[in-house]
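Peer 1: Residue numbers (this note's numbering), protein chains in the order written: chain P, 20 to 367; chain L, 20 to 367; chain A, 20 to 367; chain F, 20 to 367. Before we start, here is the structure in question, set down as structure tokens.
4 protein chains.
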Amino acid sequence: MILVIRPDATLAQIEHIVETVKELGYTPHVSRGESRTIVGVIGDETKPQAANFSVIPGVEQVLAIMKPFKLASREFSNADSIVYVGKTRIGGGSLAMIAGPCAVENYETMDIVAKYVKAGGANILRGGAFKPRTSPYAFQGMGEDGLKILQEVGQKYDMPTVTEVMDPRQIDLVCRYADMLQLGARNMQNFDLLKEVGKTRKPILLKRGMSATVKDLLMSAEYILAEGNKDVVLCERGVRSFEDSTRNMLDMSAVPNVKGQSHLPIIVDPSHATGRPDLIPSMCRASVAAGADGVHVEVHNCPEKAMSDGPQALLPHQFLDLMADLRRLAEAMNREFSKTNPATEEVH
Amino acid sequence: MILVIRPDATLAQIEHIVETVKELGYTPHVSRGESRTIVGVIGDETKPQAANFSVIPGVEQVLAIMKPFKLASREFSNADSIVYVGKTRIGGGSLAMIAGPCAVENYETMDIVAKYVKAGGANILRGGAFKPRTSPYAFQGMGEDGLKILQEVGQKYDMPTVTEVMDPRQIDLVCRYADMLQLGARNMQNFDLLKEVGKTRKPILLKRGMSATVKDLLMSAEYILAEGNKDVVLCERGVRSFEDSTRNMLDMSAVPNVKGQSHLPIIVDPSHATGRPDLIPSMCRASVAAGADGVHVEVHNCPEKAMSDGPQALLPHQFLDLMADLRRLAEAMNREFSKTNPATEEVH
Amino acid sequence: MILVIRPDATLAQIEHIVETVKELGYTPHVSRGESRTIVGVIGDETKPQAANFSVIPGVEQVLAIMKPFKLASREFSNADSIVYVGKTRIGGGSLAMIAGPCAVENYETMDIVAKYVKAGGANILRGGAFKPRTSPYAFQGMGEDGLKILQEVGQKYDMPTVTEVMDPRQIDLVCRYADMLQLGARNMQNFDLLKEVGKTRKPILLKRGMSATVKDLLMSAEYILAEGNKDVVLCERGVRSFEDSTRNMLDMSAVPNVKGQSHLPIIVDPSHATGRPDLIPSMCRASVAAGADGVHVEVHNCPEKAMSDGPQALLPHQFLDLMADLRRLAEAMNREFSKTNPATEEVH
Amino acid sequence: MILVIRPDATLAQIEHIVETVKELGYTPHVSRGESRTIVGVIGDETKPQAANFSVIPGVEQVLAIMKPFKLASREFSNADSIVYVGKTRIGGGSLAMIAGPCAVENYETMDIVAKYVKAGGANILRGGAFKPRTSPYAFQGMGEDGLKILQEVGQKYDMPTVTEVMDPRQIDLVCRYADMLQLGARNMQNFDLLKEVGKTRKPILLKRGMSATVKDLLMSAEYILAEGNKDVVLCERGVRSFEDSTRNMLDMSAVPNVKGQSHLPIIVDPSHATGRPDLIPSMCRASVAAGADGVHVEVHNCPEKAMSDGPQALLPHQFLDLMADLRRLAEAMNREFSKTNPATEEVH
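Structure follows, in structure tokens:
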């Protein structure tokens with residue numbers, strides 16, 4: 020860190036600053052410039068009290084030099100990480116195509132949607148059994164019954180599954196049925212939940228919070244990695260902004276931004292980012308072109324009657340058209356959809 | 020709700036819209052204008068499937084007429100709610116002055132800080148035992164030991180206490196020691212936690228999320244109220260914005276904005292909203308003048324060595340000066356600090 | 020419009036509302052629902068006083084039904100507009116590749132950069148002669164001398180040119196030298212300037228303001244169209260957000276969002292949107308995949324010594340690699356770079 | 020400035036960095052730490068090319084130490100500046116109470132509103148003759164006729180006047196009639212306009228742009244000051260945010276934030292910040308309590324029929340009540356409304 024000293028700081032204040040830096044276990048280097056004195060501080064910037072330097076009288080600002088995350092950083096692991104969800108490979112040129120309804124509603128709907136998304140090339144099946152809803156009066160999910168349906172349909176169509184976990188008390192249950200645990204945007208900084216999923220050995224889909232910076236997202240991944248779970252896939256899903264014609268603002272630049280700083284795979288969820296089916300296909304295409312390791316798309320055979328987020332789901336035929344587009348783009352970029360069943364994949 | 024129909028919608032589409040409205044249990048009223056046809060929809064807008072109208076082919080937009088919250092609304096209860104935390108009264112002209120260190124660090128610090136804030140007129144003592152920290156490597160709080168210290172010091176200085184709960188599994192423990200449970204900004208939409216604290220009979224301090232609208236905040240309060248806990252105090256603590264010289268942007272207008280729509284008390288936390296001690300006093304003054312039911316201020320006797328958020332704490336003498344200002348302002352507005360011990364209050 | 024009436028409105032208030040609607044030249048239709056009375060208002064929503072309905076006592080909210088722009092809308096002109104800048108065609112499947120240094124600095128730099136960008140496939144040459152700079156002490160542009168250099172180099176390499184105009188008093192001068200006028204983000208709501216460029220017959224490149232919604236952008240285009248100038252190309256260049264690792268946040272979804280509502284072409288400027296050369300190539304690829312009608316990229320042969328915005332410029336060899344990528348993507352999407360050379364271009 | 024060097028930078032890169040720093044006219048100081056090498060750069064950080072350091076290969080980040088504004092800073096002038104508009108004093112404990120209709124509509128309305136606001140204690144009369152409107156089809160202002168009415172009514176009630184100027188070509192005209200020139204939020208970074216009003220000798224009311232940081236606002240003030248006009252009053256009027264129940268988000272902390280860094284007076288405009296008359300009075304009270312040097316409030320005797328922004332105007336009796344509140348608060352804070360009548364004002 021570097022402490023910039025106020026121009027009107029007294030000598031006694033500067034001495035106190037130097038002493039305090041030493042007391043907190045760091046080594047100070049004072050350097051006097053024409054218009055400002057600065058104090059370089061050598062030591063671990065991630066220690067708890069590093070933030071306190073700013074309140075020592077006479078300090079004008081504190082400039083951080085180091086990144087606050089370690090295990091998630093490119094410095095820690097230069098090669099792109101690859102995460103397996105069942106047989107589906109995410110990262111290193113292999114694209115995850117995660118699709119399914121917002122919520123598990125019943126067996127029939129799950130079965131129909133799964134058949135279609137499998138046909139299009141989806142390689143992970145999604146569906147929520149525990150639903151975070153803004154209103155306490157909205158459908159809150161089917162719970163364990165939903166998990167059972169998701170698992171059964173996933174097995175029928177040979178697709179691994181992902182579903183959201185919202186509460187540390189649900190983790191054991193969800194782990195029994197699903198292949199990947201999703202942490203939703205509203206829980207990106209639910210630190211107890213991050214620690215608990217970090218203790219499992221399931222791959223985690225960590226969604227960016229609605230007001231989280233890219234650095235915040237990587238810090239939350241660090242919580243999971245620090246518990247020993249290395250299988251983290253990040254997900255850009257839009258942030259809050261003043262633009263009122265889309266549900267959130269998709270920060271597409273987060274894809275290369277994350278990839279420059281971290282080895283973790285990152286996918287994009289245009290369904291939640293835009294909330295508008297008319298924008299989803301072009302945003303999926305843009306995601307693949309931007310270098311994302313996959314997309315996450317909600318599909319429903321009858322959005323009018325969906326029990327959750329119907330308005331942001333694609334219809335099955337729209338999904339099939341989109342997948343054809345994405346294959347063409349992936350090819351132009353020397354990348355490919357990950358296969359869930361190498362032996363039979365060539366058939367459809 | 021009102022469905023605005025696309026100008027190019029076919030008659031068959033309009034018929035299908037009308038049918039679907041009926042199927043979902045609502046009554047449609049079609050009305051043809053010069054440039055647009057609209058369909059009025061009579062029925063409960065808060066039902067799960069109300070959102071789906073927007074995806075019926077031919078619908079251009081859906082306009083909501085009703086507010087999505089009920090128990091939190093002025094329509095439900097016109098008079099201002101009053102919440103008691105121990106003997107401290109919040110609302111109806113009585114101001115809560117919540118103060119203390121960010122985290123409980125040890126008995127000595129808690130004792131010194133409590134002595135000062137009590138002298139200034141604070142009527143609720145705060146201190147975190149479970150700390151939500153962006154970094155997994157930062158101090159995470161003392162846990163139960165911290166709760167014991169907080170309780171003991173609160174009793175010594177006759178102040179009820181408030182402390183954060185982050186995980187449903189901590190609630191029983193925290194309830195044994197604290198008088199009020201705080202839900203932090205990062206957990207404002209942790210819906211399982213909202214439901215669980217709604218089942219307790221402790222007053223709740225619900226902080227606004229960093230990207231939550233005022234409506235979102237009231238919807239989260241609704242979760243608690245819907246479980247039967249009526250003692251909810253809201254807290255404005257700043258939202259994320261592009262302004263990079265303050266930690267968050269304090270949305271002062273949330274105070275009258277909430278009061279116009281809801282009967283719940285609302286206080287302001289300028290410590291977290293600004294992250295800068297030089298801005299805290301004027302923002303506390305503004306909060307009282309804006310009509311807030313209290314303020315929440317972090318105080319530390321040695322911010323340089325605080326274990327959490329030192330840079331945003333006031334020093335004890337700054338707090339005493341601030342309280343003198345606030346008393347003068349409160350008087351000019353015919354309001355007063357709530358007293359924790361009517362019999363002895365006049366003494367200090 | 021639809022006026023939602025407060026549940027506690029008196030009959031006298033509702034009568035006054037109806038009278039006022041009539042007085043302002045609209046036709047009211049009252050309809051009483053279970054929980055709310057609403058008043059439909061037939062007439063021109065874009066008239067000055069339409070906004071005032073919200074202040075009539077008893078009105079709870081005003082819901083707008085019509086879009087506030089006309090000439091810019093898909094309803095006005097369903098087919099995609101095509102804009103010619105010299106011989107370069109923008110829209111209808113033809114991609115504009117606008118490139119050049121941020122500012123015109125001298126002939127030599129302009130010449131070198133132009134040679135490279137032409138080689139890569141750029142079809143419009145950019146360079147600022149009047150520069151909007153946050154600081155009054157920064158380089159403010161070469162003025163007319165810069166315009167001359169831009170024109171001369173553009174002619175040498177057979178590329179039409181675009182340059183910014185900041186002040187109505189500069190328009191005549193800039194029109195003498197440049198083929199397209201750029202209105203910068205900071206001037207998107209400089210309404211006098213919009214009107215004046217609307218009176219010219221030069222194509223206009225209208226950049227989105229840093230806090231402008233997509234609707235605001237289309238309203239500003241409407242100002243130009245209303246003056247009779249139909250050649251407007253929109254440009255997404257990022258908006259202000261809380262994310263502090265990029266200069267702005269590129270709102271990629273603005274591309275399909277605009278295309279759904281308007282016939283005007285839209286391009287993307289990842290240089291200003293991200294401010295980071297490491298993110299520009301992937302954001303250009305994403306823009307083409309999202310359906311943008313072109314990209315705008317700053318290129319400099321020696322960014323270290325550029326006089327303006329060096330940090331966001333690509334080096335010439337980076338630009339050449341990028342153009343190769345974009346051609347491959349454009350092909351995969353059945354689109355192509357517009358050509359500036361009439362000998363080899365099909366008759367349009 | 021301080022250049023943080025990448026951990027993988029080569030020795031040759033570091034040498035090139037040092038050479039380039041020298042070539043650009045700065046003095047480098049290299050210092051090698053445990054985990055990072057840094058290069059201190061001594062010299063003028065506001066020079067055009069200072070930004071370019073970030074693109075020299077091997078540089079990871081550039082940390083600025085100095086503030087980019089000078090004349091507007093507390094370092095330049097430690098005492099609070101006082102600005103006179105006619106006989107009205109702004110700053111140094113004297114509060115400006117600027118009030119009037121959004122637009123000048125006709126003599127009668129102006130006369131009625133002026134009579135009321137004068138009675139309440141307003142000391143500057145406002146009214147727009149040139150109106151920046153989002154829509155080209157909205158009322159654009161009365162122009163010179165409006166200026167004449169404003170001047171005449173101001174003289175009748177002995178109040179100096181303020182009105183907006185949008186285009187450099189209007190400045191001479193507006194200077195003939197008005198006592199203070201307003202630069203609106205949309206023109207805060209219209210740099211040509213800033214320079215031109217900097218050449219006048221009229222006091223300037225500079226409104227914060229909707230996406231401007233406090234630093235941006237001070238940089239725009241610097242443009243005016245650099246031209247020799249020292250009479251700049253800043254105005255906080257809300258910024259764009261995701262909160263959709265208010266027109267903008269009032270950043271109340273901007274008041275003490277500006278005062279800490281700059282000697283210029285700052286007032287608050289809750290009318291534009293909130294767009295809601297129900298929130299204006301409490302936000303005016305909060306502004307005074309926060310230490311603002313005045314407020315700016317729109318008042319109209321018949322908001323239903325106002326030609327511009329009726330929905331955000333107070334009624335005359337609401338304004339009178341508000342002024343009574345503000346006097347009481349000002350007194351509690353040892354401040355007072357500036358007086359416009361020389362007979363009763365102390366000689367300043």
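For every residue, glycine included, the Cβ atom is placed at its ideal position computed from N, Cα and C. A quick note: this is a predicted structure, and the numbers were derived from the prediction, not measured.
Against arginine 55(F), what residues of chain P qualify as contacts under a CB-to-CB distance less than 8 Å, listed in chain order?
Peer 2: Near arginine 55(F) (Cβ distances below 8 Å), the residues of chain P are Ile84, Met85.
Peer 1: Aspartate 186(P) versus chain L: which residues are under 7 Å apart at the beta carbon?
Peer 2: Those are Pro187, Asp211, listed as they occur along chain L.
Peer 1: Since leucine 339(F) and alanine 138(F) should fall inside the 8 Å C-beta cutoff, what is the C-beta to C-beta distance between them, to a whole number of angstroms?
Peer 2: Right, their Cβ atoms sit about 7 Å apart.
Peer 1: Is there at least one Cβ from chain F nearer than 8 Å to serine 357(L)'s Cβ?
Peer 2: Taking Cβ atoms only, chain F never reaches closer than 8 Å to serine 357(L), which makes this a no.
Peer 1: Mind checking which residues open and close the alpha helix (DSSP H) that includes glycine 279(P)?
Peer 2: Residues 273 to 280.
Peer 1: Less than 8 Å between the CB atoms is what I'm expecting for arginine 227(F) and arginine 256(F), so what's the real figure, rounded?
Peer 2: Confirmed, about 6 Å.
Peer 1: Helix, strand or coil, according to DSSP, for glutamine 80(L) in the structure here?
Peer 2: Strand.
Peer 1: Is asparagine 206(L) close to chain P? Criterion is C-beta to C-beta, closer than 8 Å.
Peer 2: Closer than 8 Å: yes.
Peer 1: Answer yes or no: does any C-beta atom of chain A fall closer than 8 Å to that of phenylalanine 88(L)?
Peer 2: Not closer than 8 Å to any Cβ of chain A, the Cβ of phenylalanine 88(L) fails to qualify, so no.
Peer 1: Helix, strand or coil: which one does DSSP assign to serine 154(P)?
Peer 2: If DSSP states are grouped into helix, strand and coil, serine 154(P) belongs with coil.
Peer 1: What separation, rounded to the nearest whole angstrom, lies between the Cα atoms of asparagine 242(L) and leucine 213(L)?
Peer 2: A small correction: the amino acid at residue 242(L) is tyrosine; asparagine does not occupy that position in the sequence shown. Between tyrosine 242(L) and leucine 213(L), the C-alpha separation is close to 6 Å.
Peer 1: Between threonine 39(P) and lysine 86(F), what straight-line distance do the alpha-carbon atoms span, to the nearest angstrom?
Peer 2: Looking at the two C-alpha atoms, the distance is approximately 26 Å.
Peer 1: Any Cβ of chain L within less than 8 Å of the Cβ of glycine 419(A)?
Peer 2: The structure shown does not extend to residue 419(A), since chain A is modelled only from 20 through 367, so no value can be given for it.
Peer 1: Once you ignore the five residues that flank serine 239(P) on each side, which residues in its own chain have a CB closer than 7 Å to its CB?
Peer 2: Result list for serine 239(P): Met207, Gln208, Leu213, Leu225, in chain order.
Peer 1: To which residues of the same chain is phenylalanine 95(F) closer than 6 Å at the C-beta, ignoring the five residues directly before and after it?
Peer 2: Only Lys89 meet the Cβ criterion.
Peer 1: What's the C-alpha gap between histidine 336(L) and leucine 298(L)?
Peer 2: Spanning the two alpha carbons is a distance of roughly 16 Å.
Peer 1: With 8 Å set as the bound, which would you pick, yes or no: does the beta-carbon of glycine 162(P) sit closer than that to a beta-carbon of chain L?
Peer 2: By this cut-off, glycine 162(P) is not an interface position.
Peer 1: Would alanine 343(P) be called buried (16 or more neighbouring beta carbons within 10 Å of its own) or exposed?
Peer 2: When all chains shown are included, alanine 343(P) counts as exposed.
Peer 1: For chain L, check one thing: does any of its Cβ atoms lie closer than 8 Å to the Cβ of glutamate 94(A)?
Peer 2: By this cut-off, glutamate 94(A) is an interface position.
Peer 1: Which value, in whole angstroms, describes the spacing of the CA atoms of glutamate 355(P) and methionine 268(A)?
Peer 2: Whole-angstrom Cα-Cα distance: 28 Å.
Peer 1: Report the rounded CA-to-CA distance for glycine 160(A) versus aspartate 328(F), giving the unit in angstroms.
Peer 2: Glycine 160(A) and aspartate 328(F): Cα-Cα distance of roughly 38 Å.
Peer 1: Using the beta-carbon of each residue, which ones in chain P are nearer than 8 Å to glutamate 34(L)?
Peer 2: Neighbours of glutamate 34(L) on chain P: none; closest Cβ ~14 Å, over 8 Å.
Peer 1: Is tyrosine 103(P) helix, strand or coil by DSSP?
Peer 2: Note: tyrosine 103(P) maps to strand in three-state DSSP.
Peer 1: Can you list, in chain order, the residues of the stretch 21 to 49 of chain L whose Cβ is nearer than 7 Å to any Cβ on chain P?
Peer 2: Per Cβ criterion, the list reads Thr39.
Peer 1: With a threshold of 8 Å, are at least 3 pairs of Cβ atoms found where one atom belongs to the stretch 244 to 253 of chain F and the other to the stretch 48 to 67 of chain F?
Peer 2: Because the criterion of three Cβ pairs below 8 Å is not met, the stretch 244 to 253 of chain F and the stretch 48 to 67 of chain F do not touch.
Peer 1: What separation, rounded to the nearest whole angstrom, lies between the Cα atoms of leucine 200(L) and valine 193(L)?
Peer 2: Roughly 8 Å between the two C-alpha positions.
Peer 1: Excluding the 5 residues flanking serine 73(A) on each side, which residues of the same chain have their C-beta closer than 8 Å to its C-beta?
Peer 2: Closer than 8 Å at the Cβ level, and outside the excluded window around serine 73(A), lie Gln80, Val81.
Peer 1: Under 8 Å between C-beta atoms, does aspartate 263(P) make it to chain F?
Peer 2: Yes - at least one Cβ of chain F is within 8 Å of the one on aspartate 263(P).
Peer 1: Name, in chain order, the residues that DSSP records as bridge partners for proline 47(A).
Peer 2: Paired residue(s): Val60(A).
Peer 1: Who are the neighbours of valine 277(F) on chain L, taking C-beta pairs under 9 Å?
Peer 2: Residues of chain L passing the Cβ test: none, with the nearest at roughly 10 Å.
Peer 1: Would you mind stating whether valine 23(F) and isoleucine 57(F) have Cβ atoms separated by less than 8 Å?
Peer 2: The answer is yes: Cβ separation under 8 Å.
Peer 1: Classify threonine 293(A): buried if its beta carbon has 16 or more other beta carbons within 10 angstroms, exposed otherwise.
Peer 2: The residue is buried, with at least 16 neighbouring Cβ atoms inside 10 Å.
Peer 1: Return the residues of the stretch 226 to 237 of chain P that lie within a Cβ-Cβ distance of less than 8 Å from chain F, sorted by chain order.
Peer 2: The stretch 226 to 237 of chain P vs chain F, Cβ under 8 Å: nothing.
Peer 1: Around the Cβ of lysine 150(P), are there at least 16 other Cβ atoms within 10 angstroms (buried) or fewer (exposed)?
Peer 2: Lysine 150(P) comes out buried.
Peer 1: Should alanine 31(F) go down as buried or exposed, given a rule of 16 or more other Cβ atoms within 10 Å for buried?
Peer 2: Alanine 31(F) comes out exposed.
Peer 1: Taking the alpha-carbon of methionine 185(F) as reference, which of Val78(F), Arg205(F), Gly313(F) has the nearest alpha-carbon?
Peer 2: Among Val78(F), Arg205(F), Gly313(F), the Cα nearest to that of methionine 185(F) is on Arg205(F).
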